[in-house]
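Following: one structure in structure tokens, then a few remarks.
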Amino acid sequence: MDRIYSRELLRLQAENERLKRIAADAREKLEAAMDGTGLCVWQLHVPSGKLVIFNRRWGSMLGFQPKEIEASFEVWKAHLHPEDREEVLNNFFDHLHGRSEFYEVQHRMVAKNGSVTWVQDRGRVVEWDEQGRPLRVMGTHVDITQEKEYELALSRLAHKDPLTGLLNRSGLIERFKALKTEGALTLCFIDLDDFKQVNDTLGHRAGDRLLIQLTERLRFLCPPDVVLGRLGGDEFVLLLPWALQNSQTQPLAQACIDCLDTPFELDNGEAFVGMSMGVEGVREQDDFADVMARADAAMYQVKRAGKHGMAFNTVPLAGQIGVNERSRHIG
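Right, here's the structure in full:
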């Protein structure tokens with residue numbers, strides 16, 4: 001009987017060791033999978049604020065060595081990005097107080113060295129005390145920094161002209177909307193004169209080089225708060241963050257026209273182009289298309305009158321620049 005008991009005990013001990021090895025192997029694989037994907041599984045004991053992290057990803061993500069940082073609600077809160085903290089905590093406590101089905105938010109964490117990591121945070125209450133108060137919250141914490149950086153890069157590309165690096169139409173519209181809420185705004189619409197001749201005689205590569213050099217000249221001339229954009233082809237836009245009547249408007253527009261008096265030195269020759277510009281003040285009810293239509297009409301006044309100049313096409317304001325007034329520069 002004792003012999004049978006001993007054999008059974010040895011069998012159970014061996015089975016227990018086998019199950020331990022399977023569990024340890026599974027835990028190791030799970031941790032490797034979570035670390036590889038940037039996933040962190042966490043549990044919060046609400047009354048004490050103690051935070052249990054089921055893999056080491058969270059501390060290393062913030063630049064800490066194992067056991068260097070205490071896992072607690074207050075430490076987690078201290079590492080929330082200041083601009084995101086209020087939104088994150090509001091989301092968390094809304095769920096804790098039963099106002100939402102679960103806690104979920106994308107936000108930034110600040111690492112030990114000050115770098116920023118984007119995370120997707122999600123959790124829900126899994127245990128309540130006898131009074132119905134939240135006792136434990138479990139959730140996941142996923143590093144989405146690469147995805148966010150890719151998303152931001154795509155957004156930048158979507159709003160930038162690939163040749164000149166200036167804002168494209170969609171980028172200009174976004175900046176127009178933002179600047180319009182901040183105060184007075186003036187739009188200058190530029191169409192180059194005789195640019196097609198450069199493409200036809202020197203080639204499209206030379207034309208591209210000319211547009212890049214022109215961009216450099218405009219950037220040099222314009223104050224830092226002026227927004228530059230390229231609509232496509234040889235059409236450019238300047239957004240001036242001041243009223244049409246501002247004393248800077250006409251001198252800046254004229255300086256842009258004058259900068260074309262100097263020829264463009266290209267790989268296969270020298271090129272001259274002119275500039276026809278329509279200048280338009282932005283009204284309260286205007287969207288980007290409204291102002292562009294009026295600036296385009298002003299620009300065509302210059303084309304019809306011989307090119308290479310500026311025109312203002314707007315309702316007179318306080319006795320300043322009036323309807324269809326034109327200033328033409330002759331090189």
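Quick note: the sequence shown, position 11, residue 11 per UniProt numbering, numbers continuous.
Note that the Cβ used here is the ideal one computed from N, Cα and C, for glycine as well.
Only a predicted model underlies this, so the values are computations on that prediction, with no experimental measurement involved.
Paired residues, beta bridge with residue i - DSSP
i	result
E127	R136
L238	C188, L228
L118	The residue you asked about is not Leu; residue 118 is Trp in the sequence shown. Looking at the DSSP assignment, W118 forms a beta bridge with R108.
L42	It is Trp, not Leu, that sits at residue 42 in the sequence shown. The partner list for W42 (beta bridge, DSSP) reads I53, G139.
E280	L187
L167	K160, G229
Y103	G123
L266	G269
S72	K50
L80	M109
D193	G274
Residues near residue i by beta carbon distance below 7 Å, same chain, minus five either side
i	result
A71	L51, V52, I53
L159	Checking the sequence shown, residue 159 turns out to be His, not Leu. Excluding sequence neighbours, H159 sits near L167, N168, S170, G171, E174.
V291	L187, E280, V282
A26	Reliability fails at A26, whose pLDDT of 47 lies under 50, so the model's placement of it is uncertain and the value that follows must be treated cautiously. Nothing listed; no residue qualifies.
Nearest neighbour of residue i, chosen from the options [CA to CA]
i	options	result
I144	Q120, R85, E127	Q120
M299	R209, I212, M275	M275
R124	H141, M109, V116	H141
residue 332	P263, N91, A293, P224	Any property of residue 332 remains undetermined from this structure, which presents the chain solely from 1 to 331.
C222	A255, E104, L167	A255
L211	L44, L39, V46, G232	G232
R133	H95, A295, P162, P224	H95
V46	D267, R85, V126	V126
F189	E104, Q197, R169	R169
L252	L218, N199, R156	L218
Q213	F176, H159, A271	A271
T164	E216, V282, A184, G171	E216
Q245	N199, L187, L39	L187
V41	V137, D225, S247	V137
G171	E265, F195, D290, V227	V227
E149	E130, A158, H159, W118	W118
D225	D200, G207, N199, E182	E182
E104	M292, L154, Q285, F93	F93
Neighbour-count burial assignment, residue i, 16 or more Cβ in a 10 Å radius
i	result
K180	buried
W128	exposed
G229	buried
H204	exposed
T262	exposed
D267	exposed
D234	buried
G281	buried
F176	buried
L202	buried
F264	buried
L44	buried
L152	exposed
L157	exposed
Residues of its chain near residue i, where Cβ-Cβ distance is below 6 Å and the 5 sequence neighbours each way are ignored
i	result
Q106	Q120
F236	I190, R230
A243	A184
D161	N168, R230
D195	Sequence inspection shows Phe at residue 195; the Asp mentioned does not correspond to that position. Here the set comprises D234, V273.
Q197	none
G207	V198, N199
R209	L266
Beta-carbon separation (whole angstroms), residue i vs residue j, contact threshold 8 Å
i	j	result
G98	R122	Not confirmed; about 17 Å, so no contact.
H79	V116	At roughly 10 Å, the Cβ-Cβ gap does not stay under 8 Å, so H79 and V116 are not in contact.
T249	L240	6 Å
G49	E74	6 Å
A295	G269	Actually they are not in contact, since the Cβ atoms of A295 and G269 sit about 32 Å apart, beyond 8 Å.
Own chain, CB closer than 8 Å to residue i, minus 5 neighbours either side, in chain order
i	result
I173	F288
N324	With a pLDDT of 42 at N324, under the threshold of 50, the predicted position of this residue should be treated as unreliable, though the coordinate-derived value follows. Correct list, in chain order: A298, Q301, A311, F312, N313.
L89	K77, L80
E83	R108
S100	N91, D94
A178	none
The ligand FMN heavy atom lying under 6 Å from the CB of residue i
i	result
M138	With respect to the ligand FMN, the structure shown offers nothing to examine, as it has no ligands at all.
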